[in-house]
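Take the sequence shown: its position 109, counting from 1, is numbered 155 in the working numbering, and each next residue is one higher. Let me begin by presenting the structure, written as structure tokens, before commenting on it.
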Amino acid sequence: MRYNMYTVSRSDIGIFEEDIPDSVMSNCGKPGFFVLGAADQENNLVGMTQFHIGMLPDGECVSDVVYVFVGEDNRGRGAASRMLSQVHSILKKSGVDKSMTVLSKKQDEKQLFTENGYIFMKPDKESIEFLEGLHGDVSPSKSEQGIYWVNR
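This is the structure in structure tokens:
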């Protein structure tokens, strides 16, 4: 299915408010946080991806995919992969070399990220410090860090 991609606001993703974490809603509008929405052919919002662009302590500019959501009726049709592809395109144009995500080791979404080029590993110290600032407590023993190199 073909999807249109748009930058969306907190009020736009309000239709998903019951389905997404409060932290995702509260991140909207904060510096460095961006929300990309996928809309169907009738321009109905079917999903959203929130990502953050920031800097590691060593000065490297990176992105973190904070959350990906597709409404239940539209899952399995490629919207999530299309949004990740669009995020990667935005990052490449912005000069960001690395996109990260952090997932619990048993999280089902790992397949989505793996299919879209992310390689999972134990989180490194610098990434943990960066990610804790975005997600709160990130436990290396319970989490995996997915990395996608944008310019490869």
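Even glycine gets a Cβ: it sits at the ideal position worked out from N, Cα and C.
Indicate whether residue i and residue j have their beta-carbon atoms separated by less than 7 Å.
{"i": "F79", "j": "N73", "result": "yes"}
{"i": "V196", "j": "H134", "result": "yes"}
{"i": "M51", "j": "R123", "result": "no"}
{"i": "V116", "j": "A126", "result": "yes"}
{"i": "Y113", "j": "V54", "result": "no"}
{"i": "I193", "j": "I165", "result": "yes"}
{"i": "G83", "j": "M94", "result": "yes"}
{"i": "K151", "j": "E175", "result": "no"}
{"i": "E172", "j": "P103", "result": "yes"}
Identify every residue that forms a DSSP beta bridge with residue i.
{"i": "E118", "result": "Bridge partners of E118: none, in fact."}
{"i": "F166", "result": "G192"}
{"i": "Y52", "result": "G83"}
{"i": "V146", "result": "The sequence shown places Met at residue 146, not Val. DSSP output for M146 lists D110 and I193 as bridge partner(s)."}
Using the Cβ count rule (16 or more neighbours within 10 Å means buried), how would you classify residue i?
{"i": "E63", "result": "exposed"}
{"i": "Q157", "result": "exposed"}
{"i": "I61", "result": "exposed"}
{"i": "P169", "result": "buried"}
{"i": "N162", "result": "buried"}
{"i": "Q96", "result": "buried"}
{"i": "S129", "result": "The question names Ser, but residue 129 in the sequence shown is Met. With 16 or more other Cβ atoms within 10 Å, it is buried."}
- Message: Just to confirm the assignment: which complete beta strand (DSSP E) runs, minimum length 3, are found wholly within the region 67-121?
- Response: 79-85, 91-101 and 107-116
- Query: Counting Cβ pairs, one atom from each stretch, are 3 or more of them under 8 Å apart for the region 101-113 and the region 131-149?
  - Reply: Contact annotation: the region 101-113 touches the region 131-149, with at least three C-beta pairs closer than 8 Å.
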